[in-house]
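A short worksheet on the structure shown next.
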Amino acid sequence: MENRRKIFLTFEQILLVSIFQYIFFNFFHTKITPSFFLVYLLLLSFEGKIELALFLSFILGLINDIFARDIPGSSSIRFLLIVYFSSFFVVKSIKSKSFFIFIFSFLYFLLLVFKGKNEMLWEGFTLLKYAVLFSLFNFLIGFVIGIFTEELRKRWEERIF
Amino acid sequence: MLYLFRRELMLFIFLLFSFFIEKSSLNNKKSLSFSETKKENFINYEEIIRENKRLREILNLKERKIFSYFKVAEVIGLRPYIYPAEIIIDKGRKDGIIENIPVFTKELFLIGKVEKVEETYSKIISLFHSNTKISVILGNTREVGVIEGGYGPYLLLKYIPYDSKVKINEEVYTSNFSEFYFPGIKIGRVVKICKEKNSLYLKIWVKPYIAFQGVEEVIIGK
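Protein sequence lines correspond, in order, to chains W and F.
Okay, so the first sequence: first residue is 9 according to the numbering used here, each after it adds one.
Okay, so the second sequence: first residue is 16 according to the numbering used here, each after it adds one.
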């Protein structure tokens, strides 16, 4: 029963994150689109659900490629690498979670424009500007989600105990 | 024992799957793009009408015989998704694509050139790529400079003399001195002119026409 509840909850979360990501990709014509998928995967990894985060990196990467009109599989590779490296950090507080989301989002963006042989597709300042912007968006999303879940948890505990 | 390395094992297996999917989707020329999904599953008539309109404009270009070599390809991948430096198209060696040929939008604005050709797909490096360096000429002053990519959404125009009469909104074209591009291809407009101390040249920022529009079909021609 407990397992079924967990699976149902995960599906619910994936659906919610996908809806947000779809809305941002299609209806907000901003230069930089925050990655709800990346934030969600990082939060899962920080909570210690690493196996689930790795599995979902593969799945959500494919969904992200559909939304972003990218070659299928390319986002999965980036998500998998970022989630794997983030799994070495144990993060508890909302502030530190948001901080690490910023750092790993920055690394994700660097992977996005990495050409190989220590070269990038963009030049220094442009790369830095967009990487910081992308990381900042994700940082804010992570922070809001953190506060929201914390509040939900508090209310839930108060009701039950 | 394996349980200890379950993360690494999962990472390895999923990376392998991802690489396999990426490679096979490139070879099968299938992008999971929304326009295609819509076409196949939902028959979005609006999208089909828009596509027909675009293709008709391309057909008109073919009839006007501007190019001696002419191919039309569909974009199946952009990297990164804003100001893409690399564009993957669904035509390759078996479709007659060759390396170092200029690539255009249907309005004949320069996108870049074909860099790598595989059997079923090709890679284009766009104006936004940090490796892009093109000899260009200013529309009014006729001064020749070199345009450099990597500064999306802008391009950096170098080697225009300090005392140049260049103005904002002046058009920039490819020059006679380019190795891969024929002269007169429209690139963009001057948006900012900076005078720097201790330099003999101006620092000019050009906004390419391709920064204003999405790229769905491209023309490869010379």
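Quick reminder that beta carbons are idealized off the backbone N, C-alpha and C, glycines included.
Review point. Using the C-alpha atoms, what's the distance from residue 208/F back to residue 183/F?
Key: Rounded to the nearest angstrom, the gap between the Cα atoms of residue 183/F and residue 208/F is 7 Å.
| message | Please confirm whether residue 81/W has its beta-carbon closer than 7 Å to some beta-carbon of chain A. | response | As a matter of chain content, chain A is missing from the structure shown, whose protein chains are W and F.
(Q) Taking DSSP's pairing of strands, which residues face residue 138/W in a bridge? (A) Under DSSP, residue 138/W takes part in no beta bridge, so it has no partner.
Pick helix, strand or coil for residue 204/F, following the three-state DSSP scheme.
In this structure, residue 204/F counts as strand in the three-state DSSP scheme.
Review point. Is the Cβ-Cβ distance between residue 118/F and residue 127/F less than 7 Å?
Key: Against a cut-off of 7 Å, the Cβ pair of residue 127/F and residue 118/F comes out as a contact.
| According to the neighbour-count rule (16 or more other Cβ atoms, all chains shown, within 10 Å of its Cβ), is residue 86/F buried or exposed? | Buried, by the Cβ-count rule.
Q) In chain F, which residues lie with their C-beta within 7 Å of the C-beta of residue 76/W? A) For a Cβ distance threshold of 7 Å, residue set 96 of chain F lies close to residue 76/W, ordered along the chain.
Between residue 200/F and residue 120/F, how many whole angstroms is the CB-CB distance? I'm expecting something under 8 Å.
Their Cβ separation, rounded to whole angstroms, is 11 Å, which puts residue 200/F and residue 120/F out of contact at 8 Å.
CB-CB length for residue 110/W against residue 72/W, believed under 8 Å | That belief does not hold up - the Cβ atoms of residue 110/W and residue 72/W are roughly 20 Å apart, past 8 Å.
The segment 228-235 of chain F in contact with the segment 96-110 of chain F per 3-pair CB rule at 8 Å = They touch, by the three-pair rule.
Interface residues of the segment 49-79 of chain W facing chain F [CB-CB below 8 Å]: For chain F, the residues of the segment 49-79 of chain W that bring a beta carbon within less than 8 Å of one of its beta carbons are 58, 59, 62, 63, 65, 66, 69, 70, 73, 74, 75, 76, 77, 78 and 79, in chain order.
Output needed in chain order: residues of the segment 108-136 of chain W with a Cβ under 9 Å from some Cβ in chain F.
If the cut-off is 9 Å between Cβ atoms, the segment 108-136 of chain W has 117, 120, 121, 123, 127, 128, 129, 130, 131, 132, 133, 134 and 135 near chain F.
Please list the residues of the segment 164-183 of chain F that have a C-beta atom closer than 9 Å to any C-beta atom in chain W, keeping them in chain order.
Of all residues in the segment 164-183 of chain F, the ones placed with a Cβ closer than 9 Å to any Cβ belonging to chain W are 164, 165, 166, 167, 168, 169 and 171, in chain order.
task: Verify whether the separation of the beta carbon atoms of residue 187/F and residue 221/F is less than 7 Å.
output: Closer than 7 Å, so yes.
Spatial neighbours of residue 117/W in its chain, beta-carbon cut-off 6 Å, leaving aside the 5 residues before and after: For residue 117/W, where only same-chain residues beyond five positions count, the Cβ hits under 6 Å are 139 and 142.
Practice task
Report the neighbours of residue 24/W on chain F: residues whose CB is nearer than 9 Å to its CB, in chain order.
Solution key: Near residue 24/W there are no residues of chain F at all, since even the closest Cβ is about 20 Å away, more than 9 Å.
* Asked: From which residue to which residue does the beta strand (DSSP E) around residue 69/W run?
  -> No beta strand (DSSP E) contains residue 69/W, which is instead part of the alpha helix (DSSP H) from 58-76.
Please classify residue 37/F: does DSSP put it in a helix, a strand, or coil?
In the structure shown, residue 37/F falls within a helical segment according to DSSP collapsed to helix, strand and coil.
Fill in: Secondary structure of residue 215/F, DSSP reduced to three states
In the three-state reduction of the DSSP assignment, residue 215/F falls in the coil class.
query = What in chain W is Cβ-close to residue 36/F, meaning under 7 Å?
reply = For residue 36/F, the neighbours in chain W by C-beta distance under 7 Å run, in chain order, 80 and 81.
Unbroken beta strand (DSSP E) run spanning residue 94/F, endpoints: For residue 94/F, the enclosing beta strand (DSSP E) stretches over residues 85-94.
Beta strand (DSSP E) segment containing residue 189/F, residue limits = Membership of residue 189/F in the beta strand (DSSP E) is indicated by the continuous run 186-189.
- Message: Could you tell me the alpha carbon to alpha carbon distance between residue 206/F and residue 171/F, rounded to whole angstroms?
- Response: Cα-Cα distance, rounded: 10 Å.
- Task: Scan the segment 97-120 of chain F for residues whose Cβ lies nearer than 7 Å to a Cβ of chain W and list them as they occur along the chain.
- Result: Answer set for the segment 97-120 of chain F: 97, 100, 101 and 103.
Next on the checklist: Since residue 166/F and residue 165/W should fall inside the 8 Å C-beta cutoff, what is the C-beta to C-beta distance between them, to a whole number of angstroms?
Outcome noted: About 51 Å separates the two Cβ atoms, so there is no contact after all.
So is residue 51/F in contact with chain W if we call contact Cβ pairs under 7 Å? The predicted model places residue 51/F with a pLDDT of 48, which falls under 50 and marks its position as unreliable, so this point remains unresolved.
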